[in-house]
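K.L.:
So that we are looking at the same thing, I have put the structure below in structure tokens.
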Ligand SMILES: [Zn+2]
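In the working numbering, the protein residues as written are 617 to 851.
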């Protein structure tokens, strides 16, 4: 079967894409525009979440977990995502989880869905859950013989990726840009569904700052708007 991809292609072998996100909203912040580009070209996108994203907050109420999950499902419909999987690891405490447990979940998902491409967190994010998902992804996609995952990308999450001001850590230095000038609007629509996670400008997780980042990433690569990634590995 041949798929004709005229614009925003990751490359000709992209058929199935798995997005790994610690919390519901990371997927939109990091690659919401790219997801919509892919699904609009009939490329199957699945998302795997690892935590509810709210239970570490003081005075959180149980229905907030359901609301966040419902928001993720509504975003899934808007971005035409074919399947969402939710896991319940302790929010903001993935350092207390055995990394092998997370790796096994990713390996199982790869076995069932058979993605050729994975988008995951950047390993030097400030958020500990993001760090662990990145680490577990690299373990689950070790380029052994018969590895079906051919490409691994790291995405950036505003208010986490840029806030790790460690002198000794490698910073997010993207080398892969996807034109989202046609899908920036829908990315912002998706973020509105996660409205309670959004903050007031000049917070980096505000609508204005996210649009500014998209414009800057675009300008870096000759597009009106873009999402930027690090290609971690391509086989
Ligand atoms: Zn997150």
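All residues carry an ideal CB built from backbone N, CA and C; glycine is no exception.
Judging by CA-CA distance, which residue of 662, 824 and 767 is the nearest neighbour of residue 847?
P.N.:
With distances taken between Cα atoms, residue 847 lies closest to 767.
K.L.:
Kindly list the residues whose CB is nearer than 6 Å to the CB of residue 799, restricted to its own chain and excluding five residues on each side of it in sequence; keep chain order.
P.N.:
Closer than 6 Å at the Cβ level, and outside the excluded window around residue 799, lie 649, 652 and 653.
K.L.:
Just to be sure I understand the criterion: a residue counts if its Cβ is closer than 5 Å to at least one heavy atom of ligand 1. Which residues meet that?
P.N.:
With the cut-off at 5 Å, the residues found are 638, 639 and 642.
K.L.:
Hey, residue 835 and residue 796 are a contact pair by Cβ (cut 8 Å); roughly how many whole angstroms apart?
P.N.:
Not confirmed; about 13 Å, so no contact.
K.L.:
Can you give me the start and stop residues for the beta strand (DSSP E) that residue 653 sits inside?
P.N.:
Not the beta strand (DSSP E): residue 653 falls in the alpha helix (DSSP H), residues 642-656.
K.L.:
Taking 8 Å as the threshold (C-beta atoms), are residue 776 and residue 743 in contact?
P.N.:
Taking 8 Å as the Cβ cut-off, residue 743 and residue 776 qualify as a contacting pair.
K.L.:
Is residue 621 helix, strand or coil by DSSP?
P.N.:
For residue 621, the predicted model reports a pLDDT of 38, less than 50, meaning its position is unreliable; a value from the coordinates is still stated below. Coil, per DSSP.
K.L.:
Would you report the Cα separation of residue 669 and residue 637, rounded to the nearest angstrom?
P.N.:
Those two C-alpha atoms are separated by around 10 Å.
K.L.:
Using 8 Å as the cut-off, can you tell me whether the region 822-833 makes contact with the region 678-686, which would need three or more C-beta pairs spanning the two stretches below that distance?
P.N.:
Result no; under three Cβ-Cβ pairs closer than 8 Å.
K.L.:
Could you spell out where the beta strand (DSSP E) holding residue 792 opens and where it closes?
P.N.:
792-795 is the span of the beta strand (DSSP E), which, as asked, contains residue 792.
K.L.:
Cα separation between residue 815 and residue 695?
P.N.:
Going from the Cα of residue 815 to the Cα of residue 695 covers about 22 Å.
K.L.:
How long is the line joining the alpha carbons of residue 697 and residue 791, rounded to whole angstroms?
P.N.:
Residue 697 and residue 791: Cα-Cα distance of roughly 25 Å.
K.L.:
For residue 746, count the other beta carbons within 10 Å of its own beta carbon; 16 or more makes it buried, fewer makes it exposed. Which is it?
P.N.:
It counts as buried.
K.L.:
Note down the Cα distance separating residue 789 from residue 756, rounded to an integer number of angstroms.
P.N.:
Roughly 23 Å separates the two Cα atoms.
K.L.:
Which class does residue 694 belong to by DSSP, given the choice of helix, strand or coil?
P.N.:
Looking at residue 694 - three-state DSSP - the assignment turns out to be helix.
K.L.:
Name the one or two DSSP bridge partners that residue 849 has.
P.N.:
Answer by DSSP bridge pairing, in chain order: 768.
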